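Asker:
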DNA sequence: GCATTTTTCTATAGAACTATAGATTTTTGT
DNA sequence: ACAAAAATCTATAGTTCTATAGAAAAATGC
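Protein chains in written order, with the numbering used here: chain A, 17 to 238; chain B, 17 to 238.
Laid out in structure tokens, this is it:
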């Protein structure tokens with residue numbers, strides 16, 4: 017078993033020998049292979065044989081990279097999400113209009129789906145098959161992400177760019193929902209135009225939250 | 017094996033003996049048990065033993081109601097969707113404003129999630145695990161549903177209630193995406209308020225599509 | 001070029017699961 | 001109450017899958 021596998025994720029504190037670097041590189045290929053297979057067949061529908069075949073190695077050899085099938089799922093989910101939350105943090109720290117931020121967020125979300133292919137999809141659809149204890153990091157990342165998004169919306173309200181009556185938590189969840197839904201479509205259908213999808217998603221969201229002339233048209237609750 | 021199991025779904029052409037009625041009633045309980053288990057553990061993560069236990073019978077006895085585990089998934093998906101598309105058809109045929117229709121559609125979608133519990137969730141998340149040939153009816157229903165929704169949006173445009181520049185197909189997919197996303201939340205979190213969620217979803221969608229004063233604020237594509 | 005380390009392979013133990021068959025219990029109709 | 005039908009049970013054959021162990025091959029460092 018390679019030393020990296022026995023270490024906590026990301027704890028690259030030792031000096032990286034070229035061996036370790038090489039292992040890490042191939043481990044990423046392993047994670048991407050697992051992501052692709054999980055995305056197509058679902059976690060329980062995939063076999064370790066499928067993943068190994070995707071990498072071009074034998075079933076047993078896969079355990080050189082993952083100590084279990086479940087660990088593979090965990091690695092895929094974390095891999096798909098970590099990088100993404102970092103991007104989000106950069107977007108939020110920039111000084112720009114709410115419209116530009118929303119556009120940037122949607123762009124980041126959807127282009128991650130396109131570039132990382134399946135890992136994000138697996139994160140969204142299959143992370144709940146991990147036992148709670150193995151979802152600690154994933155959950156932290158998710159919370160951070162949602163809070164960042166709610167922060168952006170709150171800022172938009174304070175600056176009067178967004179209507180004061182929107183529920184930031186609701187809208188945040190909705191944005192995530194729309195993006196995930198279109199993200200899955202983007203993974204499924206390669207012909208779908210990324211830029212156009214981004215544009216349409218942003219427009220839909222903004223026209224739904226931008227403060228407008230008749231700002232609070234009340235509707236009868238019944 | 018009961019005679020009903022050997023018949024094509026819904027082909028209740030013979031006079032229904034009380035026996036058949038009783039079987040049909042319990043079969044629905046079986047479908048609902050399967051839906052609950054599939055929703056929690058995913059299709060491949062569930063075992064026939066789990067479903068049987070949910071019904072309070074032994075694993076082998078389950079095959080009195082389903083000829084295979086896969087058939088159970090098919091039945092759950094069709095059960096969760098059929099009734100729903102019918103409701104949609106009623107909504108669309110009524111004469112009412114676009115706002116009222118969207119509200120009704122969202123209400124129907126989300127309250128189906130709440131009342132049917134897990135079947136809709138399973139339909140949305142797991143139907144792709146069925147082989148294509150077993151998804152024919154499901155696909156027809158899905159197409160019908162999407163067309164109905166696009167029809168409503170098209171009508172809204174013609175009546176100038178909705179902006180002319182929206183892409184009905186995009187918006188239809190987005191509505192489905194938002195509803196599914198919130199629907200899953202409603203299933204997961206029983207404390208979530210149904211009516212409020214409906215209200216918020218509708219508002220988000222409408223303010224995003226209703227024609228407004230500054231109707232076509234162009235944005236630079238770059 | 002040889003010894004060492006890394007990577008992959010083969011083979012398999014052991015567990016879990018689906019589906020079936022035939023026995024058994026429960027329900028129904030007369 | 002009794003015979004027929006329906007519903008459920010028990011037991012298991014046969015398959016598939018995960019994970020491990022130990023051998024073999026490939027890569028590396030000196």
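Virtual Cβ for every residue (Gly too), placed ideally from N, Cα, C.
All values reported here derive from a predicted model rather than from experimental measurement.
(1) For a contact meaning CB atoms closer than 8 Å, what does residue 67 of chain A contact in chain B?
(2) Residues of chain A with CB under 8 Å from residue 141 of chain B, in chain order?
(3) Which whole-angstrom value describes the C-beta separation of residue 197 of chain A and residue 197 of chain B, a residue pair presumed to lie in contact below a C-beta threshold of 8 Å?
(4) What residues in its chain sit with their C-beta under 6 Å from that of residue 97 of chain B, if we drop five residues either side in the sequence?
(5) Can you give me the Cβ contacts of residue 28 of chain A inside the same chain, cut-off strictly under 7 Å, excluding the 5 residues immediately before and after it?
(6) Is residue 178 of chain A helix, strand or coil by DSSP?
(7) Compare the C-beta of residue 60 of chain B with all C-beta atoms of chain A and state if any pair is closer than 8 Å.
(8) Is residue 186 of chain A close to chain B? Criterion is C-beta to C-beta, closer than 8 Å.
(9) What residues in the segment 166 to 194 of chain B have a beta carbon less than 8 Å from any beta carbon of chain A?
(10) How long is the line joining the alpha carbons of residue 207 of chain B and residue 17 of chain A, rounded to whole angstroms?
(11) In the DSSP assignment, find the unbroken alpha helix (DSSP H) run with residue 97 of chain A in it and report its ends.
(12) DSSP three-state label for residue 80 of chain A, please.
(13) For chain B, check one thing: does any of its Cβ atoms lie closer than 8 Å to the Cβ of residue 162 of chain A?
(14) DSSP on residue 125 of chain B, reduced to helix/strand/coil?
(15) Helix, strand or coil: which one does DSSP assign to residue 18 of chain A?
(16) Could you tell me the boundaries of the alpha helix (DSSP H) in which residue 66 of chain A lies?
(17) Between the C-alpha atoms of residue 205 of chain B and residue 99 of chain B, what's the straight-line distance to the nearest angstrom?
(18) Mind checking if residue 129 of chain B is an interface residue toward chain A, Cβ cutoff 8 Å exclusive?
(19) Going by DSSP in three states, residue 112 of chain A sits in which element: helix, strand or coil?
(20) By the three-class DSSP mapping on this structure, what secondary structure does residue 74 of chain A have?
(21) Using a C-beta cutoff of 8 Å, does residue 216 of chain B count as contacting chain A?
(22) For residue 140 of chain B, does the three-state DSSP call read helix, strand or coil?
(23) Relative to the C-alpha of residue 146 of chain A, which residue among A:105, A:86 and A:67 is closest?
(24) Could you check where the alpha helix (DSSP H) with residue 201 of chain B kicks off and where it finishes?
(25) Considering residue 223 of chain A, what are the terminal residues of the alpha helix (DSSP H) in which it resides?
(26) Tell me the DSSP secondary structure of residue 59 of chain A in three-state form.
(27) If you draw a straight line from the alpha carbon of residue 58 of chain B to that of residue 125 of chain A, how long is it in whole angstroms?
(28) Residue 220 of chain B versus chain A: which residues are under 9 Å apart at the beta carbon?
(29) Tell me whether the segment 167 to 178 of chain B and the segment 114 to 123 of chain B touch, counting them as touching only if at least three CB pairs, one residue from each stretch, are closer than 8 Å.
(30) Express the C-alpha separation of residue 222 of chain B and residue 91 of chain B in angstroms, rounding to a whole number.
(31) Would residue 159 of chain B be called buried (16 or more neighbouring beta carbons within 10 Å of its own) or exposed?
(32) Output the distance between the C-alpha atoms of residue 183 of chain B and residue 61 of chain A, rounded to the nearest integer angstrom.
(33) Cα separation between residue 220 of chain B and residue 39 of chain B?
(34) Look up residue 242 of chain A in the DSSP assignment and say whether it is helix, strand or coil.
Answerer: In this structure, then:
(1) What you label residue 67 of chain A is simply residue 51 of the first chain in a count that begins at 1. Those within 8 Å of residue 67 of chain A in chain B number zero; the least Cβ separation is about 15 Å.
(2) On the second chain, position 125 is the one that residue 141 of chain B refers to. Within 8 Å Cβ-Cβ: 141.
(3) Counted from its first residue, the first chain places residue 197 of chain A at position 181. Counted from its first residue, the second chain places residue 197 of chain B at position 181. About 6 Å; that satisfies the 8 Å criterion.
(4) Here residue 97 of chain B refers to the residue found at position 81 of the second chain. Excluding positions up to five away in sequence, the list reads 139 and 157.
(5) Mapped onto the first chain, residue 28 of chain A falls at position 12. The predicted model places residue 28 of chain A with a pLDDT of 41, which falls under 50 and marks its position as unreliable; any figure quoted below should be read in that light. Counting only Cβ-Cβ distances below 7 Å, and skipping sequence neighbours, we find nothing.
(6) Mapped onto the first chain, residue 178 of chain A falls at position 162. The DSSP-derived three-state label of residue 178 of chain A is strand.
(7) Along the second chain, read from residue 1 onward, the residue named residue 60 of chain B stands at position 44. It does: the Cβ of residue 60 of chain B has a partner Cβ on chain A nearer than 8 Å.
(8) One-based indexing of the first chain puts residue 186 of chain A at position 170. Judged by the 8 Å Cβ criterion, residue 186 of chain A is in contact with chain B.
(9) Cβ proximity to chain A below 8 Å picks out 183, 186, 187, 189, 190, 192, 193 and 194 from the segment 166 to 194 of chain B.
(10) Numbered from its first residue, the second chain carries residue 207 of chain B at position 191. Numbered from its first residue, the first chain carries residue 17 of chain A at position 1. Roughly 47 Å between the two C-alpha positions.
(11) Residue numbering aside, residue 97 of chain A sits at position 81 when the first chain is read from its first letter. Going by DSSP, residue 97 of chain A is part of the alpha helix (DSSP H) stretching over 85 to 109.
(12) Within the first chain, numbered from 1, the residue matching residue 80 of chain A stands at position 64. When secondary structure is reduced to three states using DSSP, residue 80 of chain A falls in the helix class.
(13) The residue you call residue 162 of chain A lines up with position 146 of the first chain. Not an interface residue.
(14) Position 109 of the second chain holds residue 125 of chain B. In the structure shown, residue 125 of chain B sits in a helix (DSSP, three-state: H, G or I).
(15) Taking the first residue of the first chain as position 1, residue 18 of chain A is located at position 2. Note: residue 18 of chain A maps to coil in three-state DSSP.
(16) In the first chain, residue 66 of chain A corresponds to position 50, counting from 1. Element bounds for residue 66 of chain A: 64 to 71.
(17) Numbered from 1 along the second chain, position 189 holds the residue referred to as residue 205 of chain B. Numbered from 1 along the second chain, position 83 holds the residue referred to as residue 99 of chain B. One C-alpha to the other measures close to 23 Å.
(18) By one-based count along the second chain, residue 129 of chain B stands at place 113. No, its Cβ sits nowhere closer than 8 Å to a Cβ of chain A.
(19) Walking along the first chain from the start, residue 112 of chain A turns up at place 96. Correct three-state label for residue 112 of chain A: coil.
(20) The residue labelled residue 74 of chain A in the question sits at position 58 within the first chain. It is coil, neither helix nor strand.
(21) Locating residue 216 of chain B in the second chain gives position 200, where the first residue counts as 1. Yes, residue 216 of chain B counts as interfacial toward chain A.
(22) Against the second chain, residue 140 of chain B aligns to sequence position 124. Residue 140 of chain B: helix per DSSP, three-state reduction.
(23) Against the first chain, residue 146 of chain A aligns to sequence position 130. Taking only the C-alpha atoms, the option nearest residue 146 of chain A is A:86.
(24) Here residue 201 of chain B corresponds to residue number 185 of the second chain, with the count starting at 1. Unbroken alpha helix (DSSP H) run through residue 201 of chain B: 184 to 204.
(25) In the first chain, residue 223 of chain A corresponds to position 207, counting from 1. Segment 210 to 223, the alpha helix (DSSP H) holding residue 223 of chain A.
(26) The residue labelled residue 59 of chain A in the question sits at position 43 within the first chain. In the three-state reduction of the DSSP assignment, residue 59 of chain A falls in the coil class.
(27) The count along the second chain starts at 1 and reaches residue 58 of chain B at position 42. The count along the first chain starts at 1 and reaches residue 125 of chain A at position 109. So the alpha carbons of these two residues sit roughly 25 Å apart.
(28) Position 204 of the second chain, counting from 1, holds the residue named residue 220 of chain B. Result: 182, 186, 187, 190, 220, 221, 224 and 225.
(29) yes
(30) On the second chain, position 75 is the one that residue 91 of chain B refers to. On the second chain, position 206 is the one that residue 222 of chain B refers to. Spanning the two alpha carbons is a distance of roughly 34 Å.
(31) Residue mapping note: residue 159 of chain B aligns to position 143 of the second chain, counting from 1. Result: exposed.
(32) Taking the second chain and counting its residues from 1, the one referred to as residue 183 of chain B is at position 167. Taking the first chain and counting its residues from 1, the one referred to as residue 61 of chain A is at position 45. Going from the Cα of residue 183 of chain B to the Cα of residue 61 of chain A covers about 36 Å.
(33) Taking the second chain and counting its residues from 1, one reaches residue 220 of chain B at position 204. Taking the second chain and counting its residues from 1, one reaches residue 39 of chain B at position 23. Between residue 220 of chain B and residue 39 of chain B, the C-alpha separation is close to 44 Å.
(34) Only positions 17 to 238 of chain A appear in this structure, which leaves residue 242 of chain A out of reach.
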